[in-house]
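J.:
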Amino acid sequence: MKKAYVFPGQGSQFVGMGKDLYEQHVEARQLFDKANEILGFNITEIMFNGTDEELKQTKVTQPAIFLHSVAQAAVAKDFAPDMVAGHSLGEFSALVASKVLSFEDGLRLVSKRALAMQAACEANPSTMAAILGLEDEKVEEVCASIDEVVVAANYNCPGQLVISGSNKGIEIACEKMKEAGAKRALPLPVGGAFHSPLMKPAEEELAKAIEETTFSQGICPIYQNVDAQPHTDPAEIKENLIKQLTAPVRWTQSVQQMLADGATHFVECGPGKVLQGLVKKIERTAEVSSVE
Numbered sequence: 471m472k473k474a475y476v477f478p479g480q481g482s483q484f485v486g487m488g489k490d491l492y493e494q495h496v497e498a499r500q501l502f503d504k505a506n507e508i509l510g511f512n513i514t515e516i517m518f519n520g521t522d523e524e525l526k527q528t529k530v531t532q533p534a535i536f537l538h539s540v541a542q543a544a545v546a547k548d549f550a551p552d553m554v555a556g557h558s559l560g561e562f563s564a565l566v567a568s569k570v571l572s573f574e575d576g577l578r579l580v581s582k583r584a585l586a587m588q589a590a591c592e593a594n595p596s597t598m599a600a601i602l603g604l605e606d607e608k609v610e611e612v613c614a615s616i617d618e619v620v621v622a623a624n625y626n627c628p629g630q631l632v633i634s635g636s637n638k639g640i641e642i643a644c645e646k647m648k649e650a651g652a653k654r655a656l657p658l659p660v661g662g663a664f665h666s667p668l669m670k671p672a673e674e675e676l677a678k679a680i681e682e683t684t685f686s687q688g689i690c691p692i693y694q695n696v697d698a699q700p701h702t703d704p705a706e707i708k709e710n711l712i713k714q715l716t717a718p719v720r721w722t723q724s725v726q727q728m729l730a731d732g733a734t735h736f737v738e739c740g741p742g743k744v745l746q747g748l749v750k751k752i753e754r755t756a757e758v759s760s761v762e
């Protein structure tokens, strides 16, 4: 029986997140305190007692989810993954939990990523939309037919694909997707076109920071978003992480590959249960749970 630990991305945050970990575990408390120090603001205060609005700011959301996920892995009973994967931002949590990155380096990269993405969004207003009930190939075909930047961004599970692009491109795409038979085409309340060519400035900025960071040999393979394949070589992992901001998140394909490689149990490590739901939609018979 092989265990795959999976780490969520942006959108799984909630007010009060991580408070129980902080109160119950010395090791978690040390990570939270260290995070306040590294970030230069009191992120734990926002996580435990802030408002939804405060928590929604990209510069807060990304480090908050990362911190919660990594702290949960650090105090988990019998944390011994055979493989790991993370959805978008979650890939950084997975890299720290599997000992490829140190906590400090992981947090610095996540913070830099959040700020770079925020800046790219402000420089180039753009958005995303969820397309439900249409085959992946059809979604890709519709995107390709539009004269604006519109691409497939998150392959979440069969029949659920998120697209990303310019405001005008997404507006046109939503209409065309409905015409093509989509059950729904819902614009998402996000600040920009993540995982699209419009994130190029953020990718360039993050690339420099990733190049300068030490990546070690991890304790197990990580299935990366960019190609849905298992990686253990630090140089390859770095390269894939750099590409991640402008490339799609191949979550469906990652889970399918983990299943093909023997995963029988998927343990979600971090706030919420979004990934457990997606895994079940990809493979009904897979066993899923939250980390204990």
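Quick note: our numbering has the sequence shown finishing at residue 762, numbered continuously throughout. In this text, a Cβ means the ideal position worked out from N, Cα and C, and glycines have one as well.
What would DSSP say about Glu762, mapped onto helix, strand or coil?
T.: Along the sequence shown, one-based indexing puts residue 762 at 292. Residue state, collapsed to three classes: coil.
J.: Could you tell me which of Val725, Gln500, Phe536 and Ala590 sits nearest to Ile692, measuring between CA atoms?
T.: Along the sequence shown, one-based indexing puts residue 692 at 222. Here the closest residue by C-alpha is Val725.
J.: Quick check on the DSSP output: the beta strand (DSSP E) that includes Phe477 runs from which residue to which?
T.: Taking the first residue of the sequence shown as 1, we reach residue 477 at position 7. From DSSP, the beta strand (DSSP E) with Phe477 extends over Lys472 to Phe477.
J.: Using DSSP's beta-bridge definition, name the partner residues of Tyr693.
T.: Your numbering for residue 693 matches position 223 in the sequence shown. For Tyr693, which the question treats as bridged, DSSP gives the partners Ala555 and Pro700.
J.: What three-state label does DSSP hand Val612 in the structure shown?
T.: Walking along the sequence shown from the start, residue 612 turns up at place 142. Val612: helix per DSSP, three-state reduction.
J.: Taking the alpha-carbon positions, what's the Ser572 to Ala650 distance?
T.: Translated into the one-based positions of the sequence shown, residue 572 becomes position 102. Translated into the one-based positions of the sequence shown, residue 650 becomes position 180. Cα to Cα, Ser572 sits roughly 46 Å from Ala650.
J.: For Ile439, which of Ile680, Met553 and Glu611 has the nearest alpha-carbon?
T.: Only positions 471 to 762 of the chain appear in this structure, which leaves residue 439 out of reach.
J.: Are the CB atoms of Val476 and Gly556 within a distance shorter than 8 Å?
T.: The residue labelled residue 556 in the question sits at position 86 within the sequence shown. The residue labelled residue 476 in the question sits at position 6 within the sequence shown. Cβ atoms of Gly556 and Val476: closer than 8 Å.
J.: In this structure, does DSSP put Met728 in helix, strand or coil?
T.: Residue mapping note: residue 728 aligns to position 258 of the sequence shown, counting from 1. Looking at Met728 - three-state DSSP - the assignment turns out to be helix.
J.: Alpha carbon to alpha carbon, how far is Gln494 from Val540?
T.: Taking the first residue of the sequence shown as 1, we reach residue 494 at position 24. Taking the first residue of the sequence shown as 1, we reach residue 540 at position 70. Approximately 15 Å between the Cα atoms of the pair.
J.: In angstroms with no decimal places, state the Cα-to-Cα distance between Glu709 and Glu673.
T.: For the purposes of this step, residue 709 is identified with residue 239 of the sequence shown, where counting begins at 1. For the purposes of this step, residue 673 is identified with residue 203 of the sequence shown, where counting begins at 1. Taking the straight line joining both Cα atoms gives about 11 Å.
J.: Under the three-state reduction of DSSP, which class applies to Thr734: helix, strand or coil?
T.: Taking the sequence shown and counting its residues from 1, one reaches residue 734 at position 264. DSSP places Thr734 in strand when its eight states are reduced to three.
J.: Alpha carbons only, please: which of Asp697, Val660 and Trp721 is nearest the one belonging to Gly747?
T.: The residue labelled residue 747 in the question sits at position 277 within the sequence shown. Ranking the options by Cα distance to Gly747, first place goes to Trp721.
J.: Spatial neighbours of Ser558 within its chain, please: CB distance less than 8 Å, with the 5 preceding and 5 following residues excluded, ordered by chain position.
T.: Working through the sequence shown from its first residue, we reach residue 558 at position 88. Closer than 8 Å at the Cβ level, and outside the excluded window around Ser558, lie Gly479, Gln480, Asn624, Phe664, His665, Asn695, Gln714 and Val719.
J.: Between Gln527 and the rest of its own chain, which residues show a CB-CB distance below 7 Å, the 5 nearest in sequence each way excluded?
T.: Counted from its first residue, the sequence shown places residue 527 at position 57. Around Gln527: no qualifying Cβ.
J.: On the DSSP letters alone, give me the boundaries of the alpha helix (DSSP H) that Gly747 sits inside.
T.: Locating residue 747 in the sequence shown gives position 277, where the first residue counts as 1. Element bounds for Gly747: Val744 to Ile752.
J.: Report back the beta-carbon spacing between Ala698 and Gln727 to the nearest angstrom; my notes put them in contact at under 8 Å.
T.: Sequence index remark: in the sequence shown, residue 698 carries index 228 (1-based). Sequence index remark: in the sequence shown, residue 727 carries index 257 (1-based). So it is a contact: roughly 5 Å between Cβ atoms.
J.: Within 10 Å of its beta-carbon, does Arg754 have 16 or more other beta-carbons around it, so buried, or fewer, so exposed?
T.: On the sequence shown, residue 754 is found 284 positions in, with the first residue counted as 1. Classification for Arg754: exposed.
J.: Which residues share a DSSP beta bridge with Arg499?
T.: Mapped onto the sequence shown, residue 499 falls at position 29. According to DSSP, which records beta bridges pairwise, Arg499 is partnered with nothing at all.
J.: Assuming the contact rule is C-beta atoms closer than 8 Å, Val530 and Ile513 should be a hit. Round their C-beta distance to whole Å, please.
T.: Position 60 of the sequence shown, counting from 1, holds the residue named residue 530. Position 43 of the sequence shown, counting from 1, holds the residue named residue 513. Their Cβ separation, rounded to whole angstroms, is 6 Å, which keeps Val530 and Ile513 in contact under 8 Å.
J.: Helix, strand or coil, according to DSSP, for Gly466 in the structure here?
T.: Nothing can be reported for residue 466: it is not among the residues displayed for the chain, which extend from 471 to 762.
J.: Does the beta-carbon of Asn803 have 16 or more other beta-carbons within 10 angstroms, so that it is buried, or is it exposed?
T.: Here the chain has residues from 471 to 762 only, and residue 803 is not among them.
J.: When the Cα atoms are used, what is the spatial distance from Ile633 to Leu656?
T.: The count along the sequence shown starts at 1 and reaches residue 633 at position 163. The count along the sequence shown starts at 1 and reaches residue 656 at position 186. Near 10 Å, if we compare the C-alpha coordinates of Leu656 and Ile633.
J.: Which whole-angstrom value describes the C-beta separation of Phe549 and Ala543, a residue pair presumed to lie in contact below a C-beta threshold of 8 Å?
T.: Counting from 1 along the sequence shown, the entry for residue 549 is found at position 79. Counting from 1 along the sequence shown, the entry for residue 543 is found at position 73. Yes, Phe549 and Ala543 are in contact; Cβ-Cβ is about 6 Å, under 8 Å.
J.: Reducing DSSP to helix, strand and coil, say where Glu591 ends up.
T.: Indexing the sequence shown from 1 puts residue 591 at position 121. Reading off the sequence shown, one finds Cys at residue 591, where the question assumed Glu. The answer is helix: DSSP assigns Cys591 an H, G or I state.
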